[in-house]
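Q: Just passing along the structure, written as structure tokens.
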Amino acid sequence: MADGPLLQVKALAKHFDIRSGRFGKAVLKAVDGIDVTLQRGESLGLVGESGSGKSTVARLVTGLHRPTAGEILFDGVPVPAVGTRDRHRLGRDIQMVFQDPHSSLNPRKTIFGSIAEPLTIHEGLRGSRLRARVEELLETVQLDRRFMYRFPHELSGGQKQRVCIARAVALNPKLLVLDEPTSALDVSVQAQILEFLRELQGRLDLTYLFISHNLAVVRHVCSNVAVMYMGRIVEAGPTDDVFDKPRHPYTEVLLASVPEAVARQEQSPALGGDIPSPIALPPGCPFNPRCPKKIGAICEEAEPALAVRPDRRVVACHLTETAR
Amino acid sequence: MTLGPPLLSIEDLSLDFDTFDGALHVLDGINLALQAGETVGIVGETGCGKSVTVRSILRLLPMPPARFSGGSIRFKECDLTTASERDMRRIRGIEIALIPQDPMSYLNPVFTVGQQLTDVIRAHRRALPNNDRRGGKTVRERAIELLAQVHLPHPEKQLDAYPHELSGGMRQRILIAMALAGKPSLLIADEPTTALDVTIQAQILRLIGELVDRLGLAVILISHDIGVVAKVCRRIVVMYAGTVVEDALVEDLLDRPLHPYTQGLLAAIPRLRAGGRCHLSGIPGNIPNLLAPPAGCRFYDRCPLRMDICLTQKPPLVDAGGGQRVACHRYPGPRQEARYG
Numbered sequence: 143m144a145d146g147p148l149l150q151v152k153a154l155a156k157h158f159d160i161r162s163g164r165f166g167k168a169v170l171k172a173v174d175g176i177d178v179t180l181q182r183g184e185s186l187g188l189v190g191e192s193g194s195g196k197s198t199v200a201r202l203v204t205g206l207h208r209p210t211a212g213e214i215l216f217d218g219v220p221v222p223a224v225g226t227r228d229r230h231r232l233g234r235d236i237q238m239v240f241q242d243p244h245s246s247l248n249p250r251k252t253i254f255g256s257i258a259e260p261l262t263i264h265e266g267l268r269g270s271r272l273r274a275r276v277e278e279l280l281e282t283v284q285l286d287r288r289f290m291y292r293f294p295h296e297l298s299g300g301q302k303q304r305v306c307i308a309r310a311v312a313l314n315p316k317l318l319v320l321d322e323p324t325s326a327l328d329v330s331v332q333a334q335i336l337e338f339l340r341e342l343q344g345r346l347d348l349t350y351l352f353i354s355h356n357l358a359v360v361r362h363v364c365s366n367v368a369v370m371y372m373g374r375i376v377e378a379g380p381t382d383d384v385f386d387k388p389r390h391p392y393t394e395v396l397l398a399s400v401p402e403a404v405a406r407q408e409q410s411p412a413l414g415g416d417i418p419s420p421i422a423l424p425p426g427c428p429f430n431p432r433c434p435k436k437i438g439a440i441c442e443e444a445e446p447a448l449a450v451r452p453d454r455r456v457v458a459c460h461l462t463e464t465a466r
Numbered sequence: 372m373t374l375g376p377p378l379l380s381i382e383d384l385s386l387d388f389d390t391f392d393g394a395l396h397v398l399d400g401i402n403l404a405l406q407a408g409e410t411v412g413i414v415g416e417t418g419c420g421k422s423v424t425v426r427s428i429l430r431l432l433p434m435p436p437a438r439f440s441g442g443s444i445r446f447k448e449c450d451l452t453t454a455s456e457r458d459m460r461r462i463r464g465i466e467i468a469l470i471p472q473d474p475m476s477y478l479n480p481v482f483t484v485g486q487q488l489t490d491v492i493r494a495h496r497r498a499l500p501n502n503d504r505r506g507g508k509t510v511r512e513r514a515i516e517l518l519a520q521v522h523l524p525h526p527e528k529q530l531d532a533y534p535h536e537l538s539g540g541m542r543q544r545i546l547i548a549m550a551l552a553g554k555p556s557l558l559i560a561d562e563p564t565t566a567l568d569v570t571i572q573a574q575i576l577r578l579i580g581e582l583v584d585r586l587g588l589a590v591i592l593i594s595h596d597i598g599v600v601a602k603v604c605r606r607i608v609v610m611y612a613g614t615v616v617e618d619a620l621v622e623d624l625l626d627r628p629l630h631p632y633t634q635g636l637l638a639a640i641p642r643l644r645a646g647g648r649c650h651l652s653g654i655p656g657n658i659p660n661l662l663a664p665p666a667g668c669r670f671y672d673r674c675p676l677r678m679d680i681c682l683t684q685k686p687p688l689v690d691a692g693g694g695q696r697v698a699c700h701r702y703p704g705p706r707q708e709a710r711y712g
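Here is the structure:
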């Protein structure tokens, strides 16, 4: 099994039943049929706006949600849901770093306590061996060992995020799911964490599933990227290809919308309209009401499939079915 | 550059927060001038005092614990640090309006958009009863006109909507309409797009840019994202730990930043387009404790270019040539590159 992809997601869907109005029920399709393959040592960025389903994918992969349909294979074996006995074993291999380091550390536990918990649960470490391992982990995330007996409120945001990363890598996981790991941090701190994550990946032989709404951050960390819109992947491929020559109109507009800290930037075309309600998606391509390059009735009738196009790019758009 | 008296002029403004541990020196000698129709962005990281600065202009800070400890804020003929509350009521919303950060928490969920917008219009009319701003329109007509001005589709229909029925971008447009209701000459936007997605952010920034051109408003735009500020403003003010460290035209600041902190800030931003995977350098260290700020430069501990004088003397904001002003003892003089990590 060691040479197959580390993670394979096939036709994954997650629908939430929600109440709508007084008696009505509606289905919110947070993730609706996505396929993702993650090779060992890869870093895949999942980008999209709020409501695109990127965080739901993260929670499905880590087993925090049960999928409505489809399957997730980790090392060729299906990922069990939280609470089952098999899930306990999976905790060693898949770990997650959350967006907000302030709320993902227990305020009444010392840093030592937070990092030691997975080690006592999974490896039964105690006493001086536990202490030595925690010290080693603090060193891995470049934190001084004097932080060990401090509480989260005594640390800065960047330091807390390093603690969360130390806790996540404590059991030598193979896959690290990072859900917006730097969006709560200031840019000078974010720079340090991003550089550190890149360096850590090589050192610990990690595979990253990196979720972010910040395209520049993803470009900096990830070798591959998948762009999500309304629960679907609309474009995927090597980061440089997708960002330098986007093929899907949504990717184009998304990239053009990012304000860059450069002088004399040209005026980009703003995308009209709002993100549609995920409960009442438009028929056909979900992007068609906002799409600046809509080609006609086909966009309103048939949903384009995510497929390899003649120019070897992976895009879900009718425009790319014919040669450009 | 200096054409007549500035619209707003902040001089050596210092502000403290009284806490149980002593006075927190939040602002320390802020200088900032703004001409009518000028667009200025204030950037800086968490805790640098950018929001406190604009909130002190509108006197929206609770006093106590906040307390002016020096300097002045001159707006037109009035010093806002000493103006009476009665005068402030004629200035807030009518002369100086605010667009807040989070559109949801600034709209009342139990009233319709129309009720809230017409309340604002009525309040402005009460404050200035003899003013010709009325122009014979009913409040409802005026509300529709304002919503059309911010390009909200079907303004008549939206008046009867509740905030929860609208998207984040539409709510932000409504708050901009409210800010325009008093026909202000200065608009303060405090992180107006931070809560929005990038495609919506682009729409809102374009709208603010358009209003500036059309209505000749002066704008102070606060953001932690230099890219956002560069999109709308002509000038950028960089703040660090309650001080202004650099004040320059957008092109000058982005092409040749002078202050070591500005240089570090720009080097820390991951770039989307040019050179995607270059090395990012953060700025090691933390902001100083504002209960006992350093006597000299507040950036001293983290600065790679520090000198002995920086420890003891606070650097004044000096012109380093071409109107680019910087608070660093290395200037005036040739530009020096700060290298981090």
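Order-wise, the sequence lines are chains A and B. Those letters in the first sequence? Residues 143 to 466, per this note's numbering, in order. Those letters in the second sequence? Residues 372 to 712, per this note's numbering, in order. All residues carry an ideal CB built from backbone N, CA and C; glycine is no exception.
Do B:V621 and A:A310 count as a contact pair if the criterion is CB distance below 8 Å?
A: Taking the first residue of the first sequence as position 1, residue 310 of chain A is located at position 168. Taking the first residue of the second sequence as position 1, residue 621 of chain B is located at position 250. No, the pair does not count as a contact, with Cβ atoms beyond the cut-off.
Q: Tell me the DSSP secondary structure of B:S422 in three-state form.
A: Sequence index remark: in the second sequence, residue 422 of chain B carries index 51 (1-based). Residue state, collapsed to three classes: helix.
Q: Might you give, ordered along the chain, the residues of its own chain that have their beta carbon closer than 6 Å to the beta carbon of A:T462, omitting 5 neighbours on each side?
A: Translated into the one-based positions of the first sequence, residue 462 of chain A becomes position 320. Correct list, in chain order: R389, R451.
Q: Among A:L396, A:V395, A:G373, whose alpha-carbon lies nearest the alpha-carbon of A:A172?
A: Numbered from its first residue, the first sequence carries residue 172 of chain A at position 30. Taking only the C-alpha atoms, the option nearest A:A172 is A:G373.
Q: If we cut at 8 Å on Cβ distances, does B:I559 have a partner in chain A?
A: Position 188 of the second sequence, counted from the start, is the residue given in the question as residue 559 of chain B. Output row for B:I559: interface = no.
Q: Relative to chain A, which residues along the stretch 594-606 of chain B have a C-beta separation below 8 Å, given in chain order?
A: For the stretch 594-606 of chain B, which is checked against every Cβ of chain A, the residues closer than 8 Å are H595, D596, I597, G598, V599, A601, K602.
Q: Just checking, does the stretch 568-587 of chain B make contact with the stretch 417-425 of chain B on the three C-beta pairs under 8 Å criterion?
A: The answer is no - the stretch 417-425 of chain B does not touch the stretch 568-587 of chain B, with fewer than three Cβ pairs under 8 Å.
Q: Starting from the C-beta of B:D503, find all residues in its chain whose C-beta is less than 8 Å away, skip the five residues before and the five after it, and write them out in chain order.
A: As a first step, residue 503 of chain B is located in the second sequence; it is residue number 132 there, counting from the start. A caution first: B:D503 carries a pLDDT of 49, below 50, which makes its placement in the model unreliable, though a value can still be read off. Result list for B:D503: empty, nothing under 8 Å.
Q: Going by the beta-carbon positions, is the gap between B:V484 and B:L530 smaller than 8 Å?
A: To locate residue 484 of chain B, count along the second sequence from 1; it is residue 113. To locate residue 530 of chain B, count along the second sequence from 1; it is residue 159. Yes, Cβ-Cβ distance for B:V484 and B:L530 is below 8 Å.
Q: Please list the terminal residues of the continuous alpha helix (DSSP H) segment that includes B:D473.
A: Within the second sequence, the letter at position 102 stands for residue 473 of chain B. Note, B:D473: premise wrong, no alpha helix (DSSP H); not H, not E.
Q: At the level of alpha carbons, what is the spacing between B:R605 and B:D596?
A: To locate residue 605 of chain B, count along the second sequence from 1; it is residue 234. To locate residue 596 of chain B, count along the second sequence from 1; it is residue 225. Cα-Cα distance, rounded: 15 Å.
Q: Which chain A residues are close to B:P474, counting only those with a beta carbon under 8 Å from its beta carbon?
A: For the purposes of this step, residue 474 of chain B is taken as residue 103 along the second sequence, with counting starting at 1. Correct list: empty, because the minimum Cβ distance to chain A is about 13 Å.
Q: Using 8 Å as the limit for Cβ to Cβ distance, is A:I417 near chain B?
A: Position 275 of the first sequence, counting from 1, holds the residue named residue 417 of chain A. With 8 Å as the cut-off, A:I417 counts as an interface residue toward chain B.
Q: Restricting to Cα atoms, I'd like to know which of A:E184, A:L206, A:G190, A:G212 is closest to A:A155.
A: For this step, residue 155 of chain A is matched to residue 13 along the first sequence. Comparing Cα positions, the closest option is A:G212.
Q: Suppose contacts are defined by Cβ-Cβ distances below 8 Å. Is A:E377 in contact with A:V456 by that definition?
A: Sequence index remark: in the first sequence, residue 377 of chain A carries index 235 (1-based). Sequence index remark: in the first sequence, residue 456 of chain A carries index 314 (1-based). Cβ atoms of A:E377 and A:V456: closer than 8 Å.
Q: How long is the line joining the alpha carbons of B:Y702 and B:G693, rounded to whole angstroms?
A: Position 331 of the second sequence, counting from 1, holds the residue named residue 702 of chain B. Position 322 of the second sequence, counting from 1, holds the residue named residue 693 of chain B. About 13 Å.
Q: Does DSSP classify A:P220 as helix, strand or coil?
A: What you label residue 220 of chain A is simply residue 78 of the first sequence in a count that begins at 1. Looking at A:P220 - three-state DSSP - the assignment turns out to be strand.
Q: Restricting to runs no shorter than 3 residues, where is the beta strand (DSSP E) found entirely within the stretch 384-457 of chain B?
A: If we require 3 residues or more, the beta strand (DSSP E) runs fully inside the stretch 384-457 of chain B come out as 393-405, 410-414, 437-446.
Q: With a cut-off of 8 Å on the beta carbons, I'd call A:C459 and A:P391 a contact; round off their distance for me.
A: The residue given as residue 459 of chain A occupies position 317 in the first sequence. The residue given as residue 391 of chain A occupies position 249 in the first sequence. The pair is a contact, with the Cβ atoms about 7 Å apart (cut-off 8 Å).
Q: Hey, does A:R466 have any beta-carbon neighbour from chain B nearer than 8 Å?
A: Taking the first residue of the first sequence as position 1, residue 466 of chain A is located at position 324. Since pLDDT at A:R466 reaches only 46, below the 50 mark, its modelled position is unreliable, and the value read off the structure follows with that caveat. Closer than 8 Å: no.
Q: In chain order, which continuous runs of the beta strand (DSSP E) of length 3 or greater are located wholly inside the stretch 409-437 of chain A?
A: Entirely contained in the stretch 409-437 of chain A, not one beta strand (DSSP E) run reaches 3 residues.
Q: Give the residues of chain A in contact with B:N657, contact being defined as C-beta atoms less than 8 Å apart.
A: Here residue 657 of chain B refers to the residue found at position 286 of the second sequence. Within 8 Å Cβ-Cβ: S298.
Q: In angstroms with no decimal places, state the Cα-to-Cα distance between A:G205 and A:G233.
A: Within the first sequence, numbered from 1, the residue matching residue 205 of chain A stands at position 63. Within the first sequence, numbered from 1, the residue matching residue 233 of chain A stands at position 91. Taking the straight line from one Cα to the other gives about 10 Å.
Q: Spell out whether any CB of chain A is found under 8 Å from the CB atom of B:P641.
A: What you label residue 641 of chain B is simply residue 270 of the second sequence in a count that begins at 1. For B:P641, the answer is yes, since a Cβ of chain A falls inside 8 Å of its Cβ.
Q: Would you kindly work out how many angstroms separate the C-alpha atoms of B:M475 and A:D347, rounded to a whole number?
A: What you label residue 475 of chain B is simply residue 104 of the second sequence in a count that begins at 1. What you label residue 347 of chain A is simply residue 205 of the first sequence in a count that begins at 1. Rounded to the nearest angstrom, the two C-alpha atoms are 43 Å apart.
Q: Hey, is A:F385's beta-carbon within less than 8 Å of any beta-carbon in chain B?
A: Here residue 385 of chain A is taken as the residue at index 243 of the first sequence, counted from 1. Yes, A:F385 lies at the interface with chain B (some Cβ there is under 8 Å from its Cβ).
Q: Please classify A:F254: does DSSP put it in a helix, a strand, or coil?
A: Numbered from its first residue, the first sequence carries residue 254 of chain A at position 112. Three-state result, A:F254: helix.
Q: Would you kindly work out how many angstroms separate the C-alpha atoms of B:G667 and B:V616, rounded to a whole number?
A: Numbered from its first residue, the second sequence carries residue 667 of chain B at position 296. Numbered from its first residue, the second sequence carries residue 616 of chain B at position 245. Straight-line Cα distance between these residues: approximately 13 Å.
Q: Bridge partners for A:P380 per DSSP, in chain order?
A: By one-based count along the first sequence, residue 380 of chain A stands at place 238. For A:P380, which the question treats as bridged, DSSP gives the partners A:N366.
Q: My output table needs one value for A:H264: the three-state DSSP class, helix, strand or coil.
A: Position 122 of the first sequence, counted from the start, is the residue given in the question as residue 264 of chain A. If DSSP states are grouped into helix, strand and coil, A:H264 belongs with the helices.
Q: Give every residue of the same chain whose Cβ lies closer than 6 Å to the Cβ of A:A133, excluding the five residues on either side of it in the sequence, and list them in chain order.
A: The question about residue 133 of chain A has no answer here: the residues shown for chain A are numbered 143 through 466.
Q: From what residue to what residue does the beta strand (DSSP E) around B:R463 run?
A: Counted from its first residue, the second sequence places residue 463 of chain B at position 92. Note, B:R463: premise wrong, no beta strand (DSSP E); not H, not E.
Q: Are any of the Cβ atoms in chain B nearer than 8 Å to that of A:V468?
A: As displayed, chain A neither begins before 143 nor continues past 466, which places residue 468 of chain A out of reach and without an answer.
Q: Should A:Y291 go down as buried or exposed, given a rule of 16 or more other Cβ atoms within 10 Å for buried?
A: Taking the first sequence and counting its residues from 1, the one referred to as residue 291 of chain A is at position 149. By the 10 Å Cβ count, A:Y291 comes out exposed.
Q: Pick from B:G540, B:L637, B:G464: whose alpha carbon is nearest that of B:L488?
A: Here residue 488 of chain B is taken as the residue at index 117 of the second sequence, counted from 1. Nearest C-alpha to B:L488: B:G464.
Q: What residue range is occupied by the uninterrupted alpha helix (DSSP H) comprising A:K196?
A: Along the first sequence, read from residue 1 onward, the residue named residue 196 of chain A stands at position 54. Its alpha helix (DSSP H) spans residues 196-203.
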